[in-house]
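I have placed the structure first, in the form of structure tokens, so that the comments after it can refer back to it.
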Amino acid sequence: MQITIQLSILALSSESSNIAIDDLSFDALINERTLEDVLGNGARDSKPEEELPRGTAVTMMEAEEARLKRIILLMRHIPVFSEEGDVEPFIDAIEYCTSKLKDGDEGTFIFELASRLSGVTVGSMRTVMKSAETIDTVIEKLRQNFGRTDDFFAILNRLTKVLQEEKESVAKFGARLESMRSQAGNKIDRSALPEDQKRYRKDDLNAAALETFVVGLTLQLSFAVSTQKPRNNRGCVEIALEAEIQSEKTDAMSRLREDKLQVEESIKKPSKEATRKQPLVFTVTNDAANIDQGGPKCYGCGEVGHFIRNCPLQNERRQQARRGSLNPRGSGQLYRNSSRDNAGNFDDRRLYGNNYYVNNNQVGRRYQGRKLQGTRKRLKNKILTLGGKNFKFQEEIIRIPKRCVHLVHVKVINAEKEGYIPRCDIAPGVYLGDAVVAVNNGKACMYAYNTIDEEHIFTVPYLGIEKFEEKLNEATIYSV
1 MQITIQLSIL ALSSESSNIA IDDLSFDALI NERTLEDVLG NGARDSKPEE ELPRGTAVTM
61 MEAEEARLKR IILLMRHIPV FSEEGDVEPF IDAIEYCTSK LKDGDEGTFI FELASRLSGV
121 TVGSMRTVMK SAETIDTVIE KLRQNFGRTD DFFAILNRLT KVLQEEKESV AKFGARLESM
181 RSQAGNKIDR SALPEDQKRY RKDDLNAAAL ETFVVGLTLQ LSFAVSTQKP RNNRGCVEIA
241 LEAEIQSEKT DAMSRLREDK LQVEESIKKP SKEATRKQPL VFTVTNDAAN IDQGGPKCYG
301 CGEVGHFIRN CPLQNERRQQ ARRGSLNPRG SGQLYRNSSR DNAGNFDDRR LYGNNYYVNN
361 NQVGRRYQGR KLQGTRKRLK NKILTLGGKN FKFQEEIIRI PKRCVHLVHV KVINAEKEGY
421 IPRCDIAPGV YLGDAVVAVN NGKACMYAYN TIDEEHIFTV PYLGIEKFEE KLNEATIYSV
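Take 1 as the starting number for the sequence shown in this note's numbering and just add one per residue.
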């Protein structure tokens, strides 16, 4: 029975594999060989693949991670390109990153470049980048699809028409001109001209850029550069920067002289405000007589005359807590005492209401409310009227009549002996003019301008002085 089954299987297998059953030995089938050995189509177990050592696998993973990090850092230098922009800056960035790639990075770098494309037209370039084998192929395809060719003489004509804009420094003008010259030079390098013609056109471009820099400056700076005849481009830029600094100093001194002339004329022809009759008798208020000396003292607001349980401020706070809001700004209560020095002078910098301090420059501000009714700060007389009582305070005050130029002193916060102070706006229509000053005992003299039709009073400001060496160091030299 067993022999019959094996023979039937053998017949079927030999029929499918075109092997004659007569050529097979029955004894060999039963005793020596298997059916798979005879037919040659049996399934055999393959040897298992050898596993990598753990150290080798870790080293390969670390190398792959370092390569990905390196490519991600390089992709920061690649800008996003759309079909509306110029393709050359995009290609320049690719060439810059190509020099920093290592072996095995090129394929991943090309694949990541596709993420820097945007727009509908560049969508087809994504497939090109993902299928490209080298970076040179990608650059060639980019220039074929998006490259722009400008005529050299058109570039040269556009370069020679560049002028220094109003309030543009020499450094910025030189940098703008250098950027245009560099872009034109890159286009010459990418052209199909012979090397000798490229060199001649670059020489013409550099000469035109130098001439444009000298002619495009302002008249005063251009004259200063052309008269000294610099030997190279760097010397031309250095002379222009030095002339610009000297021009700023000269302008500052000329403005100072003009201000002095205006002041002298105003002294010769005094205004009606200065020539009007002044009272010969002044009223002096005894502040000590206006202070309550006895009675209970409230520990909530610090005032004399009531206890804390009867304090109006506490009642006001309770009402605010019930309402869940605060009083409107400028109509609050006084809830901290002002301080006094040994001489009894009032210091209003410790006085505040409605969660904000009383500013020293808030001239004539009135505070409404039961506790601050009739309160007013008068800088002219150095008096703060609070609840019908007058308090003196010590502040250095500057008073400028209407439409007048006044010589004043300011306080300098840094310890420089001389330098430059820029213009400082005090109020609308009132400002301190910029000037070159000398500091004496922490003070410097400047001219204050009042262009409005009323008198203005303000506190002596604290200003910072700038050294001339710092302004020289701020200028950056750009080669043309």
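Glycine included, each C-beta is placed from N, C-alpha and C at the ideal position.
C-alpha gap between residue 318 and residue 295, whole angstroms: If you number the sequence shown from 1, residue 318 lands on position 318. If you number the sequence shown from 1, residue 295 lands on position 295. One C-alpha to the other measures close to 25 Å.
Roughly how many angstroms lie between the CA atoms of residue 219 and residue 225, to the nearest whole one? Indexing the sequence shown from 1 puts residue 219 at position 219. Indexing the sequence shown from 1 puts residue 225 at position 225. Cα to Cα, the separation comes out at about 10 Å.
Ranges of the beta strand (DSSP E) found wholly within the stretch 402-446, counting only runs of at least 3: Correct list: 404-412, 418-421, 424-427, 430-432, 435-438.
Tell me which residue opens and which closes the alpha helix (DSSP H) that residue 54 is part of. One-based indexing of the sequence shown puts residue 54 at position 54. Residues 54-75.
With a cut-off of 8 Å on the beta carbons, I'd call residue 93 and residue 72 a contact; round off their distance for me. Against the sequence shown, residue 93 aligns to sequence position 93. Against the sequence shown, residue 72 aligns to sequence position 72. At roughly 15 Å, the Cβ-Cβ gap does not stay under 8 Å, so residue 93 and residue 72 are not in contact.
With DSSP as the reference, please indicate the residues paired to residue 466 in a beta bridge. To locate residue 466, count along the sequence shown from 1; it is residue 466. Looking at the DSSP assignment, residue 466 forms a beta bridge with 420.
What alpha helix (DSSP H) runs, 4 residues minimum, are completely inside the stretch 185-253? If only complete runs of 4 or more residues are kept, the stretch 185-253 shows the alpha helix (DSSP H) at 195-216, 219-228, in order along the chain.
Residue 304 (DSSP reduced to helix, strand or coil): Counting from 1 along the sequence shown, the entry for residue 304 is found at position 304. Secondary structure at residue 304: strand, using DSSP grouped into helix, strand and coil.
Here's the rule: buried if 16 or more other CB atoms are within 10 angstroms of the residue's CB, otherwise exposed. What is residue 81? In the sequence shown, residue 81 corresponds to position 81, counting from 1. Under this definition residue 81 is a buried residue.
Please state the DSSP three-state secondary structure of residue 568. Examination of residue 568 is not possible in this model, given that the chain is present from 1 through 480 alone.
Closest by C-alpha distance to residue 428, when choosing among 57, 302, 450: Here residue 428 corresponds to residue number 428 of the sequence shown, with the count starting at 1. Check the Cα spacing between residue 428 and each of 57, 302, 450: the tightest is with 450.
Please state if the CB of residue 400 and the CB of residue 409 are separated by a distance shorter than 8 Å. Here residue 409 corresponds to residue number 409 of the sequence shown, with the count starting at 1. Here residue 400 corresponds to residue number 400 of the sequence shown, with the count starting at 1. Judged by their CB atoms, residue 409 and residue 400 are not nearer to each other than the 8 Å cut-off.
Using a 10 Å radius around the Cβ and a threshold of 16 neighbouring Cβ atoms, would you call residue 307 buried or exposed? Walking along the sequence shown from the start, residue 307 turns up at place 307. Result: exposed.
From 169, 305, 403, 223, residue whose alpha carbon lies closest to that of residue 245: Taking the sequence shown and counting its residues from 1, the one referred to as residue 245 is at position 245. Ranking 169, 305, 403, 223 by Cα distance to residue 245 puts 169 first.
Is residue 177 near residue 209, with beta carbons less than 8 Å apart? Position 177 of the sequence shown holds residue 177. Position 209 of the sequence shown holds residue 209. Against a cut-off of 8 Å, the Cβ pair of residue 209 and residue 177 comes out as a contact.
Please state whether DSSP places residue 459 in a helix, a strand or coil. On the sequence shown, position 459 is the one that residue 459 refers to. Of the three classes helix, strand and coil, the one that applies to residue 459 here is strand, per DSSP.
If the criterion is Cβ atoms closer than 8 Å, does the pair residue 221 and residue 243 meet it? In the sequence shown, residue 221 corresponds to position 221, counting from 1. In the sequence shown, residue 243 corresponds to position 243, counting from 1. In this structure, residue 243 lies closer than 8 Å to residue 221 by Cβ.
Would you check if the distance between the CB atom of residue 418 and the CB atom of residue 438 is smaller than 8 Å? Here residue 418 refers to the residue found at position 418 of the sequence shown. Here residue 438 refers to the residue found at position 438 of the sequence shown. The criterion of a C-beta distance shorter than 8 Å is satisfied by residue 418 and residue 438.
Sort 138, 179, 156, 247 by Cα distance to residue 117 and report the nearest one. By one-based count along the sequence shown, residue 117 stands at place 117. For residue 117, the closest alpha carbon among the candidates 138, 179, 156, 247 is that of 138.
Please look up how many angstroms separate the CB atoms of residue 460 and residue 402, rounded, as I've assumed it's under 8 Å. Translated into positions along the sequence shown, residue 460 becomes position 460. Translated into positions along the sequence shown, residue 402 becomes position 402. Cβ-Cβ separation between residue 460 and residue 402: approximately 20 Å, too far for a contact (criterion under 8 Å).
By the three-class DSSP mapping on this structure, what secondary structure does residue 452 have? Position 452 of the sequence shown, counting from 1, holds the residue named residue 452. Looking at residue 452 - three-state DSSP - the assignment turns out to be coil, as it is neither helix nor strand.
Check the DSSP bridge columns for residue 297 and list the partner residues they point to. What you label residue 297 is simply residue 297 of the sequence shown in a count that begins at 1. Paired residue(s): 304.
Name the two residues that bound the continuous alpha helix (DSSP H) containing residue 78. Here residue 78 refers to the residue found at position 78 of the sequence shown. For residue 78, no alpha helix (DSSP H) segment is defined, and its DSSP state is neither H nor E.
Grab me the residues of residue 432's own chain with a C-beta within less than 6 Å of its C-beta, minus the 5 sequence neighbours each way, in chain order. Locating residue 432 in the sequence shown gives position 432, where the first residue counts as 1. Hits under 6 Å: 424, 446, 448.
For the beta strand (DSSP E) that contains residue 399, what are its first and last residues? The residue given as residue 399 occupies position 399 in the sequence shown. Residue 399 -> beta strand (DSSP E) spans 397-400.
Going by DSSP, what residue range makes up the alpha helix (DSSP H) through residue 107? Sequence index remark: in the sequence shown, residue 107 carries index 107 (1-based). Start and end: 106-113.
Taking C-beta to C-beta, are residue 426 and residue 434 nearer than 8 Å? Your numbering for residue 426 matches position 426 in the sequence shown. Your numbering for residue 434 matches position 434 in the sequence shown. Contact flag unset, no.
Is the Cβ-Cβ distance between residue 164 and residue 216 less than 8 Å? The residue you call residue 164 lines up with position 164 of the sequence shown. The residue you call residue 216 lines up with position 216 of the sequence shown. For residue 164 and residue 216, yes; Cβs fall inside 8 Å.
Whole-angstrom distance between residue 240 and residue 156, CA atom to CA atom: In the sequence shown, the residue the question calls residue 156 occupies position 156. In the sequence shown, the residue the question calls residue 240 occupies position 240. Taking C-alpha positions only, residue 156 is separated from residue 240 by approximately 23 Å.
Report, in whole angstroms, the separation of the C-beta atoms of residue 142 and residue 188, which I expect to be a contact under 8 Å. On the sequence shown, position 142 is the one that residue 142 refers to. On the sequence shown, position 188 is the one that residue 188 refers to. Contact flag wrong, Cβ pair sits at about 19 Å.
Report the three-state DSSP secondary structure of residue 163 (helix, strand or coil). Counting from 1 along the sequence shown, the entry for residue 163 is found at position 163. In the structure shown, residue 163 sits in coil (DSSP, three-state: anything other than H, G, I, E or B).
Top-ranked residue by Cα proximity to residue 160, from 211, 184, 173: Locating residue 160 in the sequence shown gives position 160, where the first residue counts as 1. Looking at the Cα atoms, 211 is the closest of the given residues.
Closest by CA to residue 96, which one among 104, 76, 58? As a first step, residue 96 is located in the sequence shown; it is residue number 96 there, counting from the start. Minimum Cα-Cα distance from residue 96 among the listed residues 104, 76, 58 corresponds to 76.
C-beta contact flag for residue 397 and residue 452 at 8 Å: By one-based count along the sequence shown, residue 397 stands at place 397. By one-based count along the sequence shown, residue 452 stands at place 452. Annotated as distal: residue 397 and residue 452, with beta-carbon spacing of 8 Å or more.
Taking C-beta to C-beta, are residue 436 and residue 253 nearer than 8 Å? Residue numbering aside, residue 436 sits at position 436 when the sequence shown is read from its first letter. Residue numbering aside, residue 253 sits at position 253 when the sequence shown is read from its first letter. Taking 8 Å as the Cβ cut-off, residue 436 and residue 253 qualify as a contacting pair.
How many whole angstroms separate the CB atoms of residue 186 and residue 88, which I take to be in contact at a CB cut-off of 8 Å? In the sequence shown, the residue the question calls residue 186 occupies position 186. In the sequence shown, the residue the question calls residue 88 occupies position 88. Their Cβ separation, rounded to whole angstroms, is 6 Å, which keeps residue 186 and residue 88 in contact under 8 Å.
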